[in-house]
Amino acid sequence: MKAIVQKGYGEFEDVLRLYEVDVPTPKPHEVLVRVVATSVHADVWHVVKGQPRAVRLFGAGLFGPKSSIPGTDLAGTVTQVGDAVTRFAVGDEVFGESHGGLQWTNGGAFAEFAAVPESALARKPANVTFEAAAAVPTSGFIALTNLDFEVYGPGHRIIVNGAAGGVGSVALQVAKARGMHVTAVDRADTFEFLHALGADCLIDYEQQDFTQGSERYDVIYDVASTLTLDNYQRALSPHGKYVRVGHEHYGQRGSQTWGSLPEFFKFVMLSAVRKDLPSMSFSLPPKHKIMTQLAALLEAGLLTPHIARRFPLEGASQALRELEQGRVIGKIMLCPQAT
Ligand SMILES: NC(=O)c1ccc[n+]([C@@H]2O[C@H](COP(=O)([O-])OP(=O)(O)OC[C@H]3O[C@@H](n4cnc5c(N)ncnc54)[C@H](OP(=O)(O)O)[C@@H]3O)[C@@H](O)[C@H]2O)c1
């Protein structure tokens with residue numbers, strides 16, 4: 330099969346090449362997926378760059394990538410099942426992540442076929458395209474696991490800081506599906522997109538600091554992670570929650586070695602004593618459960634990914650470069666079967 334192979338860490342154009350490699354053999358709990366669509370996201374960027382260096386220690390591989398084929402988010406058709414697989418059969422259309430753990434390791438999705446644990450997948454609804462399904466797994470997982478949206482509804486106000494990106498656009502739509510009033514913060518050229526997703530109010534972060542205004546929010550969902558402890562409190566209602574997703578802005582924030590990990594641990598510790606921070610945990614919910622929730626939202630038309638750009642597999646470097654440069658509104662996809 331054709332696959333993108335990563336040799337070392339560094340600039341995409343230097344370390345990624347299209348190769349002919351063997352089709353993987355699924356282990357007992359894995360299925361082999363013929364990949365129709367896969368998407369790029371921040372963690373693929375981190376693992377290909379090897380940046381911050383902590384990703385090499387915590388999963389990607391200390392002296393070079395442990396697994397050579399990048400990519401984690403995919404949708405496609407099951408072509409083979411491992412001996413112990415119970416949830417899927419050959420011919421099923423599925424989507425999800427290509428591994429069950431954290432994303433700081435290559436997942437093998439940038440290929441014509443990928444062997445994937447059944448526990449990281451859900452069935453793709455028939456009324457949803459492969460591209461739309463492959464656009465949401467990791468961003469949807471992050472969006473849904475950072476806040477318990479079930480406890481909010483009509484009458485609650487949320488502000489999503491960095492609403493036009495992968496995670497923010499899912500959080501915005503889930504909040505609207507719950508009946509919340511949503512204020513979206515991002516660049517002005519994303520406003521048409523954000524309005525179409527259902528945002529009630531729009532704020533241009535280049536022109537206005539919403540923490541200096543008079544509005545108060547029940548949830549501040551900070552994807553851009555640009556707020557400080559002092560300024561978010563000004564915009565939070567008395568029983569409000571501040572959710573910090575964590576964002577290194579593709580190497581522009583955080584240290585080269587540890588990235589935003591020190592800040593992450595600071596918030597984990599503060600969450601033990603502060604009522605305005607949701608309690609944080611290191612244990613992840615089962616991926617297939619979150620994928621099943623995403624499938625329901627996609628099927629009901631409550632979550633609609635916008636596909637901005639499509640590349641064949643050999644366009645992986647360009648796709649990651651465009652992700653890094655920003656200014657693309659919506660998801661950037663790779664279509665392995667077009668190669
Ligand atoms: N999406 C995923 O699948 C995924 C996967 C793994 C990890 N993550 C984690 O989640 C974080 C967020 O990911 P994402 O995919 O949502 O990122 P993203 O697509 O880069 O979105 C971030 C959004 O925030 C905007 N922004 C930049 N500076 C801002 C500011 N000062 N105030 C308000 N908005 C600002 C960005 O606009 P500009 O274009 O102008 O910068 C962009 O629209 C990542 O850093 C990563 O750690 C996400």
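To convert a position in the sequence shown, counted from 1, into this note's numbering, add 329. Ideal Cβ placement from N, Cα and C applies to all residues, glycine included.
Self-check item: Under 8 Å between C-beta atoms of residue 637 and residue 658
Solution: Taking a C-beta distance under 8 Å as the contact criterion, residue 637 and residue 658 qualify as a contact pair.
Quiz item: Which class does residue 560 belong to by DSSP, given the choice of helix, strand or coil?
Solution: Helix, per DSSP.
Exercise. Please indicate yes or no: does the CB of residue 370 lie closer than 7 Å to some heavy atom of ligand 1?
Key: yes
Self-check item: Distance, residue 413 Cα to residue 556 Cα
Solution: 47 Å
Quiz prompt | Rounded straight-line distance, which links the Cα of residue 336 to that of residue 348 | solution = Straight-line measurement puts the Cα of residue 336 at about 11 Å from the Cα of residue 348.
Exercise. Compute every distance between the C-beta of residue 397 and the non-hydrogen atoms of ligand 1, then say whether any falls below 7 Å.
Key: no
Exercise. Let me know if residue 559 comes out buried or exposed under the rule of 16 or more other beta-carbons within 10 Å of its beta-carbon.
Key: exposed
Quiz prompt | Residue of 400, 491 and 477 minimising C-alpha distance to residue 425 | solution = 400
Quiz prompt | Length-filtered (3 minimum) beta strand (DSSP E) runs lying within the region 515–578 | solution = Counting whole runs of 3 or more residues, the region 515–578 contains the beta strand (DSSP E) stretches 530–533, 546–551 and 565–573.
Quiz prompt | Member of 393, 569, 431 and 339 whose CA lies at the smallest distance from the CA of residue 604 | solution = 569
Quiz item: Cα separation between residue 445 and residue 651?
Solution: 27 Å
Quiz item: Under the three-state reduction of DSSP, which class applies to residue 510: helix, strand or coil?
Solution: strand
Practice problem: Please indicate yes or no: does the CB of residue 366 lie closer than 7 Å to some heavy atom of ligand 1? | Solution: no
Quiz item: Can you name, in chain order, every residue of its own chain whose Cβ lies under 6 Å from the Cβ of residue 406, other than the five neighbours on each side?
Solution: 363 and 422
Self-check item: Option nearest residue 611 by Cα separation, candidates 430, 458 and 626
Solution: 430
Quiz item: Mind checking whether residue 543 and residue 499 have CB atoms under 8 Å apart?
Solution: no
Practice problem: List the endpoints of the continuous alpha helix (DSSP H) containing residue 656. | Solution: That residue, residue 656, is in no alpha helix (DSSP H); it is neither H nor E in DSSP.
Quiz item: Is DSSP giving residue 468 helix, strand or coil here?
Solution: helix
Self-check item: Exposure label - residue 392; buried when at least 16 CB within 10 Å
Solution: exposed
Quiz prompt | Candidates 355, 367 and 418, of which the one nearest residue 667 by Cα | solution = 367
Practice problem: Indicate the three-state DSSP secondary structure (helix, strand or coil) for residue 351 in the structure shown. | Solution: coil
Quiz item: Whose CA, out of 531, 582, 645 and 369, lies closest to the CA of residue 519?
Solution: 531
Quiz item: residue 341 and residue 663: beta carbons closer than 8 Å?
Solution: no
Quiz prompt | According to DSSP, residues forming a beta bridge with residue 582 | solution = Answer is none; residue 582 lacks a bridge partner.
Practice problem: Kindly indicate the opening and closing residues of the beta strand (DSSP E) around residue 408. | Solution: 402–410
Self-check item: Pocket of ligand 1 (residues with CB nearer than 7 Å to any heavy atom), chain order
Solution: 370, 371, 372, 402, 432, 467, 468, 471, 490, 491, 493, 494, 495, 496, 497, 514, 515, 516, 519, 534, 552, 553, 555, 574, 575, 576, 577, 578, 655 and 656
Quiz item: Relative to the C-alpha of residue 596, which residue among 586, 587, 488 and 607 is closest?
Solution: Residue 596 has its Cα closest to that of 607, out of 586, 587, 488 and 607.
Exercise. Give a yes or no on whether the C-beta atoms belonging to residue 332 and residue 449 are separated by under 8 Å.
Key: no
Practice problem: Out of 618, 338 and 504, point me to the one whose CA is closest to residue 479's CA. | Solution: 504
Practice problem: Measure the Cβ-Cβ separation of residue 466 and residue 547 and say whether it is below 8 Å. | Solution: no
Exercise. Name the one or two DSSP bridge partners that residue 450 has.
Key: 425.
Exercise. Check whether the Cβ atoms of residue 513 and residue 489 sit closer than 8 Å, and answer yes or no.
Key: yes
Quiz item: Within 10 angstroms of its Cβ, does residue 434 collect 16 or more other Cβ (buried), or is it exposed?
Solution: buried
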